[in-house]
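Residue numbering for the sequence shown follows our numbering, starting at 24 and increasing by one per position.
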Amino acid sequence: MGTFMMRCVAVLLLGLAAMGCAPSRSASEASRDLQSSDANVRLKAARDIEGAMRADKSLPAAVIESLFERAGAESDFKTRASILITLGYTGDSRAKPLLDEYAKTQNPEQRKYAARALKKYAVKTGTLPDGYDFPDEWPYGTDGYPPPLPK
(Lines of atoms letter the chains of each structure in order from A and count residues from 1; the text may use other names and numbers.)
(Lines give C-alpha, C1' and ligand atoms only; values in the text may rest on other atoms or scores of the structure.)
Protein backbone atom coordinates (compact mmCIF):
# COMPACT_ATOMS: atom_id res chain seq x y z
CA MET A 1 0.00 0.00 0.00
CA GLY A 2 2.92 2.38 0.69
CA THR A 3 4.23 1.97 -2.87
CA PHE A 4 0.79 2.65 -4.32
CA MET A 5 0.48 5.84 -2.30
CA MET A 6 3.97 7.00 -3.34
CA ARG A 7 3.06 6.43 -7.01
CA CYS A 8 -0.12 8.45 -6.58
CA VAL A 9 1.79 11.34 -5.03
CA ALA A 10 4.41 11.20 -7.82
CA VAL A 11 1.71 11.27 -10.51
CA LEU A 12 -0.01 14.18 -8.77
CA LEU A 13 3.24 16.18 -8.54
CA LEU A 14 4.07 15.51 -12.19
CA GLY A 15 0.59 16.62 -13.18
CA LEU A 16 0.90 19.86 -11.22
CA ALA A 17 4.29 20.57 -12.74
CA ALA A 18 2.93 19.93 -16.24
CA MET A 19 0.10 22.39 -15.62
CA GLY A 20 2.56 25.05 -14.56
CA CYS A 21 1.55 24.97 -10.90
CA ALA A 22 5.03 24.18 -9.68
CA PRO A 23 6.66 27.10 -7.89
CA SER A 24 9.09 29.09 -10.02
CA ARG A 25 11.54 31.89 -9.41
CA SER A 26 10.87 35.50 -10.18
CA ALA A 27 12.11 37.24 -13.33
CA SER A 28 14.50 39.28 -11.18
CA GLU A 29 16.00 36.12 -9.71
CA ALA A 30 16.29 34.51 -13.15
CA SER A 31 17.92 37.57 -14.72
CA ARG A 32 21.01 37.06 -12.57
CA ASP A 33 21.69 33.82 -14.46
CA LEU A 34 21.74 35.53 -17.87
CA GLN A 35 25.46 36.24 -17.33
CA SER A 36 26.36 32.62 -16.57
CA SER A 37 29.10 30.98 -18.62
CA ASP A 38 26.87 27.88 -18.90
CA ALA A 39 24.54 28.08 -21.92
CA ASN A 40 22.00 25.77 -20.25
CA VAL A 41 21.79 28.05 -17.22
CA ARG A 42 21.28 31.09 -19.48
CA LEU A 43 18.59 29.24 -21.47
CA LYS A 44 16.70 28.32 -18.28
CA ALA A 45 16.94 31.93 -17.12
CA ALA A 46 15.68 33.30 -20.44
CA ARG A 47 12.77 30.88 -20.49
CA ASP A 48 11.87 31.66 -16.88
CA ILE A 49 11.82 35.38 -17.71
CA GLU A 50 9.73 34.73 -20.82
CA GLY A 51 7.26 32.74 -18.72
CA ALA A 52 7.09 35.52 -16.13
CA MET A 53 6.42 38.06 -18.89
CA ARG A 54 3.57 35.96 -20.28
CA ALA A 55 2.07 35.51 -16.82
CA ASP A 56 2.51 39.04 -15.46
CA LYS A 57 2.36 41.05 -18.73
CA SER A 58 5.27 43.17 -17.51
CA LEU A 59 8.81 42.93 -16.18
CA PRO A 60 10.84 45.06 -13.78
CA ALA A 61 12.95 47.66 -15.60
CA ALA A 62 16.19 46.06 -14.36
CA VAL A 63 15.20 42.73 -15.94
CA ILE A 64 14.44 44.40 -19.27
CA GLU A 65 17.84 46.11 -19.14
CA SER A 66 19.55 42.76 -18.49
CA LEU A 67 17.75 41.29 -21.52
CA PHE A 68 19.00 44.12 -23.72
CA GLU A 69 22.53 43.68 -22.37
CA ARG A 70 22.48 39.96 -23.11
CA ALA A 71 20.66 40.05 -26.47
CA GLY A 72 23.62 41.24 -28.50
CA ALA A 73 26.18 39.01 -26.83
CA GLU A 74 24.18 35.78 -26.67
CA SER A 75 25.67 33.02 -28.80
CA ASP A 76 23.24 30.22 -27.94
CA PHE A 77 20.45 30.10 -30.55
CA LYS A 78 17.62 29.04 -28.22
CA THR A 79 18.58 31.49 -25.49
CA ARG A 80 18.77 34.39 -27.94
CA ALA A 81 15.40 33.44 -29.42
CA SER A 82 13.79 33.40 -25.96
CA ILE A 83 15.36 36.75 -25.06
CA LEU A 84 14.13 38.38 -28.26
CA ILE A 85 10.62 36.94 -27.91
CA THR A 86 10.49 38.34 -24.38
CA LEU A 87 11.69 41.73 -25.62
CA GLY A 88 8.93 41.57 -28.23
CA TYR A 89 6.41 40.95 -25.46
CA THR A 90 7.61 44.08 -23.64
CA GLY A 91 6.82 46.40 -26.55
CA ASP A 92 9.91 48.44 -25.63
CA SER A 93 10.77 50.60 -28.65
CA ARG A 94 14.47 49.75 -28.27
CA ALA A 95 13.61 46.13 -29.11
CA LYS A 96 12.33 46.85 -32.62
CA PRO A 97 15.74 47.31 -34.32
CA LEU A 98 17.02 44.12 -32.66
CA LEU A 99 13.96 42.19 -33.78
CA ASP A 100 14.18 43.55 -37.32
CA GLU A 101 17.85 42.58 -37.58
CA TYR A 102 17.14 39.12 -36.18
CA ALA A 103 14.38 38.65 -38.76
CA LYS A 104 16.65 39.36 -41.74
CA THR A 105 17.95 35.85 -42.19
CA GLN A 106 17.72 32.91 -44.54
CA ASN A 107 17.64 30.48 -41.60
CA PRO A 108 14.11 29.01 -41.42
CA GLU A 109 14.35 28.23 -37.70
CA GLN A 110 15.51 31.74 -36.83
CA ARG A 111 12.75 33.19 -39.00
CA LYS A 112 10.17 31.27 -36.98
CA TYR A 113 11.35 32.83 -33.71
CA ALA A 114 11.87 36.27 -35.24
CA ALA A 115 8.31 36.27 -36.57
CA ARG A 116 7.01 35.20 -33.16
CA ALA A 117 8.92 38.04 -31.47
CA LEU A 118 7.72 40.60 -34.04
CA LYS A 119 4.11 39.43 -33.63
CA LYS A 120 4.30 39.93 -29.87
CA TYR A 121 5.82 43.37 -30.42
CA ALA A 122 3.19 44.41 -32.99
CA VAL A 123 0.33 43.42 -30.68
CA LYS A 124 1.91 44.96 -27.55
CA THR A 125 2.54 48.28 -29.30
CA GLY A 126 -0.93 48.36 -30.85
CA THR A 127 0.49 48.29 -34.38
CA LEU A 128 -1.76 45.28 -34.96
CA PRO A 129 -4.79 44.34 -32.85
CA ASP A 130 -4.82 41.48 -30.38
CA GLY A 131 -6.20 38.44 -32.19
CA TYR A 132 -4.94 39.64 -35.57
CA ASP A 133 -4.83 36.77 -38.08
CA PHE A 134 -1.19 36.83 -39.14
CA PRO A 135 -0.47 35.29 -42.56
CA ASP A 136 1.77 32.21 -42.39
CA GLU A 137 4.88 33.95 -43.71
CA TRP A 138 4.40 37.29 -41.93
CA PRO A 139 6.42 39.58 -41.90
CA TYR A 140 8.42 38.10 -44.76
CA GLY A 141 7.69 39.70 -48.09
CA THR A 142 6.46 42.91 -46.43
CA ASP A 143 8.36 46.18 -46.60
CA GLY A 144 11.78 45.90 -44.95
CA TYR A 145 11.87 42.10 -44.71
CA PRO A 146 13.26 39.51 -47.13
CA PRO A 147 10.87 37.47 -49.27
CA PRO A 148 9.41 34.22 -47.91
CA LEU A 149 11.62 31.17 -48.28
CA PRO A 150 10.70 28.70 -51.04
CA LYS A 151 8.80 25.71 -49.77
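Even for Gly, the Cβ is constructed at its ideal location relative to N, Cα and C.
The closest CA to that of S81, considering only R93, A50 and A104, is found on A50. Rounded to whole angstroms, the separation of the alpha carbons of A138 and W161 is 7 Å. At the C-beta level, Y163 and K143 stay beyond 7 Å of one another. Short of 6 Å from the beta carbon of A84, and not among the five residues preceding or following it, lies no beta carbon of its own chain.
Following the DSSP letters along the chain, one finds F91 inside the alpha helix (DSSP H) bounded by residues A84 to A96.
Pairing S105 with S54 gives a Cβ-Cβ distance that is not under 7 Å.
The residues K142, in chain order, have a CB closer than 7 Å to that of F157 in the same chain once the five nearest residues on each side in sequence are set aside.
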